[in-house]
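As you go down the protein sequences, you meet chains G and E in turn. Heads up: the first sequence begins at 0 in the numbering used here, then just goes up one per residue. Heads up: the second sequence begins at 29 in the numbering used here, then just goes up one per residue. Ideal Cβ positions, reconstructed from N, Cα and C, are used throughout, including at glycine. Please read all numbers here as calculations on a predicted model, not as lab measurements. Written below as structure tokens is the structure these notes are about.
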Amino acid sequence: MNLDLFGGMEEFVLRERESSAGQTDFRQNNNGNNGISEFPKNTPLAMAYVPFQQWSETYDDDKALSRGTLFPELDLPFTGGGSVR
Amino acid sequence: MNERNILLGKIKKYDFTLKELDLYLDTHPNCRRALAMFRKYKELRENAVGEYTRRFGPVVPEQVNDTEHWTWVDDPWPWERR
Numbered sequence: 000m001n002l003d004l005f006g007g008m009e010e011f012v013l014r015e016r017e018s019s020a021g022q023t024d025f026r027q028n029n030n031g032n033n034g035i036s037e038f039p040k041n042t043p044l045a046m047a048y049v050p051f052q053q054w055s056e057t058y059d060d061d062k063a064l065s066r067g068t069l070f071p072e073l074d075l076p077f078t079g080g081g082s083v084r
Numbered sequence: 029m030n031e032r033n034i035l036l037g038k039i040k041k042y043d044f045t046l047k048e049l050d051l052y053l054d055t056h057p058n059c060r061r062a063l064a065m066f067r068k069y070k071e072l073r074e075n076a077v078g079e080y081t082r083r084f085g086p087v088v089p090e091q092v093n094d095t096e097h098w099t100w101v102d103d104p105w106p107w108e109r110r
């Protein structure tokens, strides 16, 4: 028995990407995201999504090295379970 | 901290910032602001490494120019820094 669980998934992902891109300006913008938004326009249930990083402010180089990242939105220290600030 | 360590510290943080921008640009290859920042830090790093090698010797063995002496082995080594 062949359970084709992931058949057509690529097509699905492509369709999603097009539909999310369709909403925004697809010309090269300052932002460099090529109009790719943080999340697709449609986010069906039971699927996991990784937000697409958008350019914003950066730490200065001293702070970047000591925090371990240049990007404040990625400065997420692991607190060993429980809440992240 | 002596000047040598200050300069090494600069190179270290410029290297880190460049690596971060490198990773960001891998997924955002058309981001002009990241590209501009990368260019800026590349120049900062080149200047700092240039000054370091002129005054204190090579950062990597390829920078050894001396025809008489292999300056790469000169002290201090990183673990001998104070």
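Quick one: any contact between the segment 76–89 of chain E and the segment 62–73 of chain G, if contact means 3 or more CB pairs under 8 Å?
-> no
C-alpha gap between Y48 (chain G) and T55 (chain E), whole angstroms = The residue you call residue 48 (chain G) lines up with position 49 of the first sequence. The residue you call residue 55 (chain E) lines up with position 27 of the second sequence. Going by the C-alpha atoms only, they are around 16 Å apart.
Do we get a CB-CB distance below 8 Å when we pair R26 (chain G) with the residues of chain E?
-> For the purposes of this step, residue 26 (chain G) is identified with residue 27 of the first sequence, where counting begins at 1. Summary for R26 (chain G): the model assigns pLDDT 41, below 50, so the residue's position carries little reliability; its value from the coordinates is reported in the next sentence. Answer no: the Cβ-Cβ gap between R26 (chain G) and chain E never drops below 8 Å.
Contact under 8 Å by Cβ, L72 (chain E) with Y52 (chain E) = Residue 72 (chain E) sits at position 44 when you count from the first residue of the second sequence. Residue 52 (chain E) sits at position 24 when you count from the first residue of the second sequence. Cβ atoms of L72 (chain E) and Y52 (chain E): not closer than 8 Å.
Interface partners of T68 (chain G) on chain E, CB under 9 Å = Counting from one through the first sequence, the residue named residue 68 (chain G) turns up at place 69. Those within 9 Å of T68 (chain G) in chain E are E48.
Integer Cβ distance of L44 (chain G) from T57 (chain G), believed to fall under 8 Å = Sequence index remark: in the first sequence, residue 44 (chain G) carries index 45 (1-based). Sequence index remark: in the first sequence, residue 57 (chain G) carries index 58 (1-based). The Cβ separation is near 35 Å, so there is no contact.
CB-CB under 8 Å to P50 (chain G), same chain, minus the five flanking residues each way: which ones, in chain order?
-> Locating residue 50 (chain G) in the first sequence gives position 51, counting from the first residue. Taken in chain order, the residues that qualify are E37 and F38.
Exposed or buried, F77 (chain G), counting other C-beta atoms within 10 Å across all chains shown (16 or more means buried)?
-> Start at 1 with the first residue of the first sequence, and residue 77 (chain G) comes out as number 78. F77 (chain G) comes out exposed.
If we call anything under 8 Å between Cβ atoms a contact, is V88 (chain E) one with T99 (chain E)?
-> Counting from 1 along the second sequence, the entry for residue 88 (chain E) is found at position 60. Counting from 1 along the second sequence, the entry for residue 99 (chain E) is found at position 71. Not a contact, by the Cβ cut-off of 8 Å.
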